[in-house]
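All letters in the sequence shown, in the order written, are residues 62 to 745 by the working numbering.
We put the CB at the ideal spot given by N, CA and C, even for glycine.
Reviewing the structure listed below.
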Amino acid sequence: MGVNHGSVTNHFHMPKETKEINHRPCDQPQAHYIIPSLENRHFTGREFTLDLLKQKLFLQANTEKLALFGLGGIGKTQVALQLARWVQAHIPDCSVFWAPAFSLESFEQACSQIAKDLQIHHNADSESAMELVHRQLSSDKAGKWLFIVDNADDADLLFDKLHQYFPASHQGVTLLTTRSREVALSFAGRDIVELQKMTTEEGVAFFTKIVGEDSLCDQDSTMKLLEELNFLPLAIAQAAYYMSRNGGTSTRYLELMHKTEKDRMRLASREFHDSTRYRRMSNAVTTTWLISFNQIQSSDSSAADLLGFISYLEPKAIPRSILPALDSEEEMEFAIGTLCSYGFLTRRDNQNVFDMHSLVQLSTRVWITEARKTQQVIATVTQHINNRFPSDEYTNRDTWRMYLPHALEILRREESQDVSERYSLLSKVGNCVLADGRAKEAVTFFGKVCVWKGSHYDEEHPSRLASQHELAKAYKSNGQIKQAVELLEYVVAVRERTLDEEHPDRLASQHTLAGAYESNGQIKQAVELLEHVVAVRERTLNEEHPSRLASQHELARSYESNGQMKQAVELLEHVVAVQERTLDEDHPSRLVSHGRREGEDGGWKPYTKYGHGTPASNKCQLHPGLESAPLFFQIIVRSVPKKHRGEENREKKELWPARQNSAGSVTAEDFEFCAELACSGAIE
62 MGVNHGSVTN HFHMPKETKE INHRPCDQPQ AHYIIPSLEN RHFTGREFTL DLLKQKLFLQ
122 ANTEKLALFG LGGIGKTQVA LQLARWVQAH IPDCSVFWAP AFSLESFEQA CSQIAKDLQI
182 HHNADSESAM ELVHRQLSSD KAGKWLFIVD NADDADLLFD KLHQYFPASH QGVTLLTTRS
242 REVALSFAGR DIVELQKMTT EEGVAFFTKI VGEDSLCDQD STMKLLEELN FLPLAIAQAA
302 YYMSRNGGTS TRYLELMHKT EKDRMRLASR EFHDSTRYRR MSNAVTTTWL ISFNQIQSSD
362 SSAADLLGFI SYLEPKAIPR SILPALDSEE EMEFAIGTLC SYGFLTRRDN QNVFDMHSLV
422 QLSTRVWITE ARKTQQVIAT VTQHINNRFP SDEYTNRDTW RMYLPHALEI LRREESQDVS
482 ERYSLLSKVG NCVLADGRAK EAVTFFGKVC VWKGSHYDEE HPSRLASQHE LAKAYKSNGQ
542 IKQAVELLEY VVAVRERTLD EEHPDRLASQ HTLAGAYESN GQIKQAVELL EHVVAVRERT
602 LNEEHPSRLA SQHELARSYE SNGQMKQAVE LLEHVVAVQE RTLDEDHPSR LVSHGRREGE
662 DGGWKPYTKY GHGTPASNKC QLHPGLESAP LFFQIIVRSV PKKHRGEENR EKKELWPARQ
722 NSAGSVTAED FEFCAELACS GAIE
């Protein structure tokens with residue numbers, strides 16, 4: 062049998078012949094019950110799992126052992142207790158014995174209690190209680206029994222010291238509970254059952270039983286809270302007891318969770334009295350999982366390092382390719398398997414993307430903080446993400462979009478302020494969000510880089526000038542033209558003073574300044590500067606070089622703005638001809654050049670060049686490089702020649718900023734709106 066999980070509405074019923082066994086035959090030994098008094102009076106639901114356990118243990122003749130596994134705090138002990146009480150009530154000739162296995166001492170103590178209750182006599186003075194129980198329950202005279210081994214999380218302890226004392230008999234069945242899927246598989250093979258988080262209905266009912274109906278004044282906040290707690294029973298109980306103690310509400314608890322990470326850590330680490338758990342066990346979510354973290358550290362240090370690394374990424378949609386490499390692919394696969402086995406990491410269907418619940422992430426950070434390794438881990442993550450993060454090239458777009466949330470997560474950490482790689486990563490992220498049309502964010506990122514480099518490098522340092530150049534580009538894209546011109550004039554002046562005429566950095570800043578001049582209405586200065594840049598690049602770069610083509614394209618645009626239509630068309634025809642033989646048909650640069658050339662020829666055809674649909678289509682199938690609304694509008698507007706722009710519909714201009722800054726894909730309605738405004742002169 063395989064792993065079982067899910068939910069069903071029907072309930073399991075014992076077959077008629079089983080339910081009718083109400084009296085024990087004379088030759089049957091008396092049933093014994095060694096069950097701890099840990100039942101939770103608030104226990105709710107779990108019918109599907111309980112029915113499955115009953116079916117496997119008492120209806121399938123070939124099942125002698127079964128493992129119930131799941132995340133720490135998911136409720137395995139309580140489910141096992143419910144099963145034990147059900148057996149006591151419904152199968153009167155079946156004994157139930159309970160042995161906690163979180164330590165050798167706890168197992169020995171339980172066996173001593175069982176031996177005492179069964180009045181087993183020693184065959185030899187050296188025979189231990191564990192040996193006595195094993196011998197007695199493995200014999201036919203023991204009768205029917207259910208042997209529950211709870212909290213068997215330590216694989217070394219279980220298989221090196223305890224497993225040999227587990228009884229075996231055709232009349233008995235053993236149920237083992239563990240946090241580790243690996244332990245479950247090693248013990249029971251395919252006869253394993255995974256205990257999942259509570260359903261929505263179970264979570265609400267469980268929470269309500271603890272706090273009372275009167276405390277559920279805000280159902281929306283309660284649902285949000287339960288979702289934040291991932292419907293984990295221990296986390297729900299912890300939050301409910303905290304609220305009951307302090308007279309709080311779900312809304313207030315959510316506010317505390319969302320304040321600072323320190324507040325979240327304190328909430329998740331707050332101990333509370335819970336009589337339904339073993340006295341030696343922690344009741345706080347974070348400290349409950351610390352046991353598992355330490356076990357992973359001891360058995361698989363690579364997995365522990367990987368856990369710490371992942372805890373500082375965005376917890377959702379973690380691509381495998383962003384993770385640090387280990388010594389071999391097999392070691393990486395094994396480490397990931399360890400984390401998945403404990404439920405700390407979940408694979409998505411494609412096997413190369415993972416999720417970590419925010420509670421696991423928070424608890425891992427607590428573990429790292431207690432080990433005084435926070436700064437070390439954050440520095441490692443920052444350095445690695447910086448090394449892995451791709452450039453903003455169009456061909457890398459899918460990759461950097463996957464990596465971006467994780468880069469932003471580590472960049473939010475105050476502890477990374479003094480890590481030099483942070484500012485290299487900020488620059489890479491800034492360029493990518495700028496390419497995605499998110500200019501305002503890019504300004505923020507590049508601004509931080511400039512401040513840091515301004516305090517670490519002199520004014521002529523290439524790295525400092527490069528960051529200022531990037532900030533100026535972001536200013537320009539964000540409509541802060543004056544700031545862009547001022548900063549670029551400074552950068553150009555320094556580079557003209559320190560670099561030779563043909564240096565790529567000097568030419569790049571002149572090219573960008575010319576574009577800012579054009580946006581600022583300084584067309585003559587733009588043309589003069591671009592003619593210089595084009596002349597130098599034509600002298601030093603081959604005909605197909607992207608930088609040479611880019612400056613020629615920019616010069617053609619300036620010619621068009623300056624009314625030099627003949628020069629603009631000639632230059633664009635040259636650019637398009639080169640791009641047609643060097644770029645893919647749907648490359649953004651080629652599309653833009655095509656659109657501009659057709660516009661200047663008087664035959665503006667944005668639908669045929671920028672999309673593959675028609676104005677009537679529900680959604681134009683744009684090239685991925687044109688999905689960003691601000692970038693798309695910029696390209697479309699620039700492709701409309703001024704001679705097609707009229708004076709009517711000026712009142713629509715007030716709608717332009719909202720439409721321009723909208724997120725998501727561009728629709729046919731956007732196409733028509735933009736085309737109408739551009740042709741009417743409502744937007745430039």
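Inclusion of arginine 325 and leucine 423 in the CB contact set at 7 angstroms is warranted, their separation being smaller than that value.
Between the alpha carbons of glutamine 143 and leucine 111 lies a distance of about 8 angstroms. When C-alpha distances from threonine 460 are compared across Ala298, Val414, Gln116, Gly309, the shortest belongs to Val414.
Taking 8 angstroms as the upper bound for CB-CB distance, alanine 213 and alanine 162 are in contact here, some 4 angstroms apart. The shortest CA-to-CA distance from histidine 522 to any of Gly508, Leu486, Asp566, Ala503 is the one to Asp566.
Check the Cα spacing between serine 570 and each of Leu532, Leu602, Arg600: the tightest is with Leu532.
For lysine 205, the uninterrupted beta strand (DSSP E) run begins and ends at 205-211, by DSSP. DSSP places isoleucine 379 within a strand segment (E or B) once states are collapsed to three. Residue environment: proline 294 is assigned as buried (16 or more neighbouring CB atoms within 10 Å of its CB, all protein chains considered).
When the Cα atoms are used, alanine 145 and isoleucine 152 turn out to be separated by approximately 10 angstroms. In the DSSP assignment, isoleucine 95 is bridged to Phe158. Three or more pairs of CB atoms, one per stretch, sit closer than 8 angstroms, so the region 193-201 contacts the region 220-233. The C-beta distance from leucine 165 to alanine 176 rounds to 16 angstroms, too long to meet the 8 angstroms contact threshold. When C-alpha distances from methionine 259 are compared across Thr435, Ile297, Lys377, Asn123, the shortest belongs to Ile297. Counted as a single uninterrupted DSSP element, the alpha helix (DSSP H) harbouring leucine 574 occupies residues 565-580. Assignment of glutamate 394 by DSSP, reduced to helix, strand and coil, places it in the helix class.
Residue environment for histidine 467: buried (at least 16 other C-beta atoms within 10 angstroms of its C-beta). For leucine 127, the uninterrupted beta strand (DSSP E) run begins and ends at 126-130, by DSSP. Collapsing the DSSP output to three states places phenylalanine 415 in a strand. Residue state for glutamate 520 is assigned as coil, using DSSP reduced to three classes.
For threonine 312, the enclosing alpha helix (DSSP H) starts and ends at 311-318. In the DSSP annotation of this structure, the continuous segment of the beta strand (DSSP E) that includes threonine 238 starts and ends at 233-239.
Per DSSP, reduced to three states, the secondary structure at valine 504 is helical. Boundaries of the beta strand (DSSP E) around isoleucine 253: 253-255. A contact is defined here as three or more CB-CB pairs under 8 angstroms, and the region 427-437 fails this definition with respect to the region 385-396. In this structure, the alpha-carbon of glutamate 392 lies about 8 angstroms from that of serine 363. With at least 16 other beta carbons inside 10 angstroms of its own, lysine 137 counts as buried. In chain order, Arg609 place their CB closer than 7 angstroms to the CB of glutamate 599, counting only its own chain and leaving out the 5 sequence neighbours on each side.
With respect to the 7 angstroms criterion, alanine 500 and asparagine 539 are classified as neighbours on the basis of their beta carbons. Per DSSP, asparagine 307 is one residue of the alpha helix (DSSP H) stretching across 294-307. Per DSSP, aspartate 281 is one residue of the alpha helix (DSSP H) stretching across 280-289.
Taking 8 angstroms as the upper bound for CB-CB distance, leucine 590 and glutamine 613 are not in contact here, some 14 angstroms apart.
Closest in C-alpha terms to glutamate 263, from the list Pro90, Asn307, Met626, Glu108, comes Glu108. Taking the Cα of asparagine 603 as reference, the smallest distance to any Cα among Lys585, Leu574, Val636 is reached at Val636.
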